[in-house]
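Let me begin by presenting the structure, written as structure tokens, before commenting on it.
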Amino acid sequence: MYKDKVDEKIIGYLKEDSRESFVDIGKKLKLSESAVRRRVKNLVDSGTIKKFTLELGEENSTSAIVLVSVDSATDTSKVSLKLAKLEGVKTVYEITGQYDITTIMSATNIAEINSSIDALRKIPGVVDTNTVIILRKII
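So for the sequence shown, our numbering puts the first residue at -12; every next one is plus one.
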């Protein structure tokens, strides 16, 4: 299906908040609620929008800090970019000290965290990891 700039803006608003009302989106785009509704229906019918989902807040997830050592012959920034693409990785920091990189991971349970760590360890250049599970966020 052909998407114009208005469709792209609608998709952008729905990506930010899939519960945003068609009335509010219409006001932002100077369109009627029915025009937005029709465009969203067309995007769904054409398969451009596959589904509407939700993201659970942090209180419904398990988080971990993973410290990563990189082989000295490997470019740390290349490893960081690969880490950033892994499922569950929320943040990647290049750091000083015993480890070269630290990541913050989040998943719905420990098994998913373990799966992400297994994938992390398979990245070429990763030589060591140290994982700590976050028990409670204070601030």
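Even for Gly, the Cβ is constructed at its ideal location relative to N, Cα and C.
Computed from a predicted model, the values in this text were never measured in an experiment.
- Restricting attention to beta strand (DSSP E) runs no shorter than 3 residues, the segment 94 to 125 encloses them at 113 to 121, ordered along the chain.
- When secondary structure is reduced to three states using DSSP, E(-5) falls in the helix class.
- Burial check for I104: the Cβ neighbour count within 10 Å reaches 16 or more, so the residue is buried.
- Apart from the 5 residues on each side of it in sequence, G112 sits with its Cβ closer than 6 Å to the Cβ of V57, D58, T61 and V66 in its chain, given in chain order.
- I12 places its beta carbon less than 8 Å from that of V23.
- In this structure, the beta-carbon distance from D32 to V55 does not fall below 8 Å.
- Less than 8 Å separates the beta-carbon of T90 from that of V53.
- Note: I52 is bridge-paired with I91 and V119 in the DSSP secondary-structure output.
- Y80 carries a strand assignment under DSSP once its states are collapsed to helix, strand and coil.
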